[in-house]
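So for the sequence shown, my numbering puts the first residue at -13; every next one is plus one.
Presented below is the structure to which this report refers.
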Amino acid sequence: MGKYFGTDGVRGEANVELTPELAFKLGRFGGYVLSQHETGRPKVFVARDTRISGEMLESALVAGLLSVGIEVYKLGVLATPGVSYLVRTENASAGVMISASHNPALDNGIKFFGEMALNWMMRVKRKLKPFLMQQRILFHVRQLRVLEHL
């Protein structure tokens, strides 16, 4: 797993190294890290490219974010710079792009923007592995807010 982690996310062959289970846990961990640095309920934008595995990974990632109380806005198919732009202009706490850019078609990746990216590498080496293994409930969802398109 370690060789697939970069400075702002993870990548690998979809449904082999980058599975829905891992996407869920990454969303949960990223959301947890984000919620530790914000007052109130963090708002996260999620977008993807047109790869066949995008919707599968998006659904799992969003479920992980929601499980720790993140307010999620699904942007659908959008170019990577669009996510970065919207995070800044719409005052989102962070953004996530599901894309493998120029990598082979079977690959995919999950890239974090904003506070999630800033804290990603500082915490990933120390806390990610134990966090991925735990099953404890961190947040009871009382109200879900998912916006399909901004």
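Ideal Cβ positions, reconstructed from N, Cα and C, are used throughout, including at glycine.
Predicted, not measured: the structure shown is a model, and the values here were computed from it.
For Pro28, count neighbouring Cβ atoms within 10 angstroms of its own Cβ and tell me buried if that reaches 16, exposed if not. buried
Since Gly(-5) is in the beta strand (DSSP E), which residue starts that stretch and which ends it? Gly(-5) to Glu(-1)
Going by DSSP in three states, Leu8 sits in which element: helix, strand or coil? Annotated three-state conformation of Leu8 is helix, per DSSP.
Own chain partners of Leu72 with C-beta closer than 6 angstroms, once the 5 adjacent residues on each side are dropped: Phe31
With a CB to CB cut of under 8 angstroms and the five nearest residues on each side skipped, what residues in its chain are close to Asn100? The question names Asn, but residue 100 is Gly in the sequence shown. Excluding residues within five positions, the ones whose Cβ falls inside 8 angstroms are Val73, Ala78, Ser79, Ala80 and Gly81.
Going by other Cβ atoms of all chains shown within 10 Å of its Cβ, with 16 needed for buried, is Val19 buried or exposed? Buried.
Should Ser87 go down as buried or exposed, given a rule of 16 or more other Cβ atoms within 10 Å for buried? So Ser87 ends up on the exposed side.
Between Gly95 and Gly(-5), how many whole angstroms is the CB-CB distance? I'm expecting something under 8 angstroms. 6 angstroms
Count the other CB atoms within 10 Å of the CB of Gly26; is the residue buried (16 or more) or exposed (fewer)? exposed
Go to Val82, then tell me how far its alpha helix (DSSP H) extends in each direction, as first and last residue. Membership of Val82 in any alpha helix (DSSP H) is not indicated; the residue belongs instead to the beta strand (DSSP E) covering Ala80 to Ile84.
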